[in-house]
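J.: Each residue of the sequence shown is one higher than the one before, counting from -4 in our numbering.
No residue lacks a Cβ here, since even glycine has one placed at the ideal position from N, Cα and C.
The structure that follows is given in the form of structure tokens.
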Amino acid sequence: MTTNNAAVSPLSKQLARFKEIQVGGAQYLDRLTSGDREAIPLLVQVGKLIDSIYIRQHWSGNEALHAHILGMDPRDTKLELGLELFKGPWGLDEEKFIKSIKEEDKDGHVHEKIHIPHEPPQHGNYYPDDIKKQEYLDWVASLEGQDRINAESYYHVVKRDAKTGQLYAVPYSEEYKDFLVPASELMTQAARLVSDQSLAKFLKSRADAFISNDYVQSDVDWLRISKESALDVTAGPYENYTDKMFSIRAAYEFYLHARDFASSDILAKFSSRLQDMEDQLPVDELYKAKGLHPPAIVTVNQLYSGGDVAVPMTAAYNLPNDEAPIKIAGSKLVIIKNVQEGKFQSVLLPIARQVLDAEQVEKVEFEAFFQHVLMHEVAHSLGPHFLVHDKEKKVRTALEEYHSAMEEAKADIVGLYAVGLLLKDGTLSGGPDAASFYMTYLASAFRSIRFGITEAHGLGQAMQFEYLKEQGGFAYDSETKKFRVVMDKIEEAVKSLTTRILVLQGDGDKQKVKEFVDRYGIISPEVKHALSTLEYLGVPVDVYPRYRILKDGTL
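Structural data, given as structure tokens:
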């Protein structure tokens, strides 16, 4: 007989780091036609099927573990929530919160039913559990033609023949057909219902791809979904983070969104001024680009998600990753406004109340936060992308391991500088004022630095924070232990940092960049104290969704 013995390590602390937010609702559906609304339940079912695929992809014992935990009587809702958030038995720090699953036989002997590895397997469930890295590389090297293409494909798993021990590749369309066939049928039905023909074309071509295992055309169709479509759908194999061994195999994910047309209008304002903003950057003409084209960005509100969507919640994504469709149609950034707002209300505001001067907290507002997020993404297009003295060499190539952090810092600070330009010329009139942008930006810095400075966003934010503080744009009160924006100095400090980063990138002198990073990419004692206070008070690190779509997919 099987016991409900799930030996569990403390899960409460993991769950306490995340706050539940309500996601999706009728307020986002006013632009949807009756056909769009009828398609929603079908698409939610697709999302659930894709969730099942990812559970299988994550780890070879994951399906059995989920079946066991979800079948326990009485139910263990805390364990169920842990699996829902993390998609497996390992938490945010990859520490397992379920130690083992045991069973008792008819003679009363207890033994392990499901063995759970100490940490997520590097190979996910894309390769045999006993595979060695060199074995895979030797096997690939021995292949030719289509066999080799399949072996290195984003969309094939690798199996071992039980009799011969030989490795062989299996297409996703075969490995996951128990989920992909019904998902394809549902996508085809939804394609007949939605009102926007470009979305219908994507749904149909992606339905075909689930069966054919050829995703290029449907990726192109996804990139060409009209900006007038009230619904937005992302469905398929994309990111390769679960394949830690080779970063090849793509994990299935699903997002159902309603387009946010008001935010798209603001974004259009930013994009239309792209070249003008470039021309006004506080650097020599050598560091400025000409003939800029606005990036493909859409803003949406999330209704549902599934698959490779473990916490922390994704608030934006840039797809596809496959080079083939990118060469044909580029890529597209999707920014999820209601998830951004959930993070703002549940994480950023509580942070602001603890770290900012009390008089400045009231100036921290969501629209300033979100508009800076939009401008951050637009600002990735600004500034030099090739060295000013070697137009053939990319900044990325010259800066190597420092590029990502410098690029994130560039997008943040140039975005903030550009916001100042648009406030002055009236483009952003009627919204947040300069003080709101600066004070919201200061509070947001702590949210990013909190994740540490080994990651590009955190390191980039730490550099900005320390530089602006050195220039007098930020000040710290040692008595109250609070930070504040110094309004008569912050504008000049932002301008100075904008110049400094753009010149460092354009010159491509890696040694000078290293010196800059070493000097400013630190966490000062004052910031450490603030971060410790946030942990002590239990301010959430991130959020997790409770979707307002019912089991049948209606709202």
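Quick check on the burial criterion: 16 or more other C-beta atoms within 10 angstroms. Buried or exposed for L65?
T.: Taking the first residue of the sequence shown as 1, we reach residue 65 at position 70. By the 10 Å Cβ count, L65 comes out exposed.
J.: Closest to K14 by CA distance: which of R543, I544, V536 and Y542 is it?
T.: Translated into positions along the sequence shown, residue 14 becomes position 19. Here the closest residue by C-alpha is V536.
J.: Would you call P5 buried or exposed, if buried means 16 or more other Cβ atoms sit within 10 Å of its Cβ?
T.: For this step, residue 5 is matched to residue 10 along the sequence shown. P5 is exposed by the Cβ-count criterion.
J.: Would the stretch 518 to 528 count as touching the stretch 481 to 490 if we require 3 or more Cβ pairs under 8 Å?
T.: no
J.: Grab me the residues of M272's own chain with a C-beta within less than 7 Å of its C-beta, minus the 5 sequence neighbours each way, in chain order.
T.: Here residue 272 refers to the residue found at position 277 when the sequence shown is read from its first residue. For M272, where only same-chain residues beyond five positions count, the Cβ hits under 7 Å are L377, A413 and L416.
J.: Go through the stretch 268 to 299 residue by residue and report every complete run of the beta strand (DSSP E) that reaches 3 residues or more, in order.
T.: Those beta strand (DSSP E) runs which fall completely within the stretch 268 to 299 and span 3+ residues do not exist here.
J.: How close, in whole Å, do the beta carbons of D227 and H252 come, if the pair is a contact with beta carbons under 8 Å?
T.: Mapped onto the sequence shown, residue 227 falls at position 232. Mapped onto the sequence shown, residue 252 falls at position 257. D227 to H252, Cβ: 4 Å. Contact.
J.: Quick check: what's the CA-CA separation for Y471 versus A451?
T.: The residue you call residue 471 lines up with position 476 of the sequence shown. The residue you call residue 451 lines up with position 456 of the sequence shown. Cα to Cα, the separation comes out at about 25 Å.
J.: Determine the burial state of D303: buried for a count of at least 16 other Cβ atoms within 10 Å of its Cβ, exposed for fewer.
T.: Walking along the sequence shown from the start, residue 303 turns up at place 308. Answer is buried; the Cβ neighbour count reaches 16.
J.: Give the C-beta separation of M401 and L394 to the nearest angstrom, bearing in mind that I take them to be a contact with Cβ-Cβ under 8 Å.
T.: On the sequence shown, residue 401 is found 406 positions in, with the first residue counted as 1. On the sequence shown, residue 394 is found 399 positions in, with the first residue counted as 1. Correct: roughly 6 Å between the Cβ atoms.
J.: Along the chain, where does the alpha helix (DSSP H) that runs through E248 open and close?
T.: Position 253 of the sequence shown, counted from the first residue, corresponds to residue 248. Here E248 belongs to no alpha helix (DSSP H); instead the beta strand (DSSP E) covers Y247 to R254.
J.: Name the two residues that bound the continuous alpha helix (DSSP H) containing K73.
T.: Indexing the sequence shown from 1 puts residue 73 at position 78. It spans T72 to F81 - the alpha helix (DSSP H) in which K73 sits, taken as one unbroken run.
J.: Take P320 and list the residues in its own chain whose beta-carbon comes closer than 6 Å to its own, dropping the five residues that flank it on each side.
T.: Translated into the one-based positions of the sequence shown, residue 320 becomes position 325. V211, D214 and V215, listed in sequence order.
J.: Per DSSP, what are the beta-bridge partners of V153 in this structure?
T.: The residue you call residue 153 lines up with position 158 of the sequence shown. Looking at the DSSP assignment, V153 forms a beta bridge with A164.
J.: What's the C-alpha gap between D133 and L162?
T.: Mapped onto the sequence shown, residue 133 falls at position 138. Mapped onto the sequence shown, residue 162 falls at position 167. C-alpha separation (whole angstroms): 11 Å.
J.: Quick one: what's E98 bridged to in DSSP?
T.: Your numbering for residue 98 matches position 103 in the sequence shown. BP columns for E98 point to H106.
J.: Report the residue ranges of all beta strand (DSSP E) runs contained in full by the stretch 201 to 240; include only those spanning at least 3 residues, in chain order.
T.: Within the stretch 201 to 240, the complete beta strand (DSSP E) runs of at least 3 residues are 226 to 232.
J.: Can you tell me whether W134 is helix, strand or coil according to DSSP?
T.: Translated into the one-based positions of the sequence shown, residue 134 becomes position 139. Reduced to three states, the DSSP call for W134 is helix.
J.: Are there three or more Cβ pairs, one per stretch, closer than 8 Å when the stretch 291 to 311 is compared with the stretch 237 to 247?
T.: yes
J.: In chain order, which beta strand (DSSP E) runs of at least 3 residues are fully inside the stretch 339 to 396?
T.: 385 to 389
J.: I'd like to confirm the pairing. Which residues does DSSP put opposite I517 in its beta bridges?
T.: Stepping through the sequence shown from its first residue, residue 517 is reached at position 522. Answer is none; I517 lacks a bridge partner.
J.: Distance check for G447 and F511, CA to CA, integer angstroms please.
T.: Translated into positions along the sequence shown, residue 511 becomes position 516. Translated into positions along the sequence shown, residue 447 becomes position 452. Straight-line Cα distance between these residues: approximately 18 Å.
J.: On the criterion of 16 or more Cβ atoms from any shown chain inside 10 Å, does M370 qualify as buried, or is it exposed?
T.: To locate residue 370, count along the sequence shown from 1; it is residue 375. Buried: at least 16 other Cβ atoms inside 10 Å.
J.: Opposite R565 in the DSSP bridges: which residues?
T.: No answer is possible for residue 565: the residues shown for the chain start at -4 and end at 550.
J.: Cutting at 6 Å between CB atoms, please list the residues of its own chain near L188, excluding the five before and the five after it.
T.: Locating residue 188 in the sequence shown gives position 193, counting from the first residue. Counting only Cβ-Cβ distances below 6 Å, and skipping sequence neighbours, we find G30, E33 and A34.
J.: Along the chain, where does the beta strand (DSSP E) that runs through Y312 open and close?
T.: On the sequence shown, position 317 is the one that residue 312 refers to. Counting along the chain, the beta strand (DSSP E) containing Y312 begins and ends at A311 to L314.
J.: DSSP state of D46, grouped into three classes?
T.: As a working mapping, residue 46 is identified with position 51 in the sequence shown. Residue state, collapsed to three classes: helix.
J.: Going straight from the alpha carbon of A11 to that of E223, what length do you get?
T.: If you number the sequence shown from 1, residue 11 lands on position 16. If you number the sequence shown from 1, residue 223 lands on position 228. Cα to Cα, the separation comes out at about 40 Å.
J.: Classify G301 as helix, strand or coil using the three-state DSSP reduction.
T.: Counted from its first residue, the sequence shown places residue 301 at position 306. G301 falls in the strand class under three-state DSSP.
J.: Can you grab the Cα-Cα spacing for the pair L351 / D513, in whole Å?
T.: Along the sequence shown, one-based indexing puts residue 351 at 356. Along the sequence shown, one-based indexing puts residue 513 at 518. Between the C-alpha atoms of L351 and D513 there is a straight-line separation of about 26 Å.
J.: Roughly how many angstroms separate the alpha carbons of K43 and L37, rounded to a whole number?
T.: Counted from its first residue, the sequence shown places residue 43 at position 48. Counted from its first residue, the sequence shown places residue 37 at position 42. Approximately 10 Å, taken between the alpha carbons.
J.: Which same chain residues, not among the five before or five after I544, have their C-beta less than 7 Å away from its C-beta?
T.: Locating residue 544 in the sequence shown gives position 549, counting from the first residue. Shown here for I544: same chain residues with a beta carbon closer than 7 Å to its own, the five before and five after excluded, namely G19, V39, L298, Y299 and L550 in chain order.
J.: Which first and last residues belong to the alpha helix (DSSP H) in which V329 is found?
T.: If you number the sequence shown from 1, residue 329 lands on position 334. Looking at the DSSP string, V329 is not in any alpha helix (DSSP H); the run it does join, the beta strand (DSSP E), is K327 to I331.
J.: Could you have a look at R32 and say whether DSSP puts it in helix, strand or coil?
T.: As a working note, residue 32 is residue 37 in the sequence shown. Three-state DSSP puts R32 in a helix.
J.: Express the C-alpha separation of A178 and G286 in angstroms, rounding to a whole number.
T.: Within the sequence shown, numbered from 1, the residue matching residue 286 stands at position 291. Within the sequence shown, numbered from 1, the residue matching residue 178 stands at position 183. Near 43 Å, if we compare the C-alpha coordinates of A178 and G286.
J.: Can you list, in chain order, the residues of its chain whose CB lies under 6 Å from that of R315, leaving out five sequence neighbours each side?
T.: For this step, residue 315 is matched to residue 320 along the sequence shown. The sequence shown places Pro at residue 315, rather than the Arg named in the question. Same-chain partners within the cutoff: D214.
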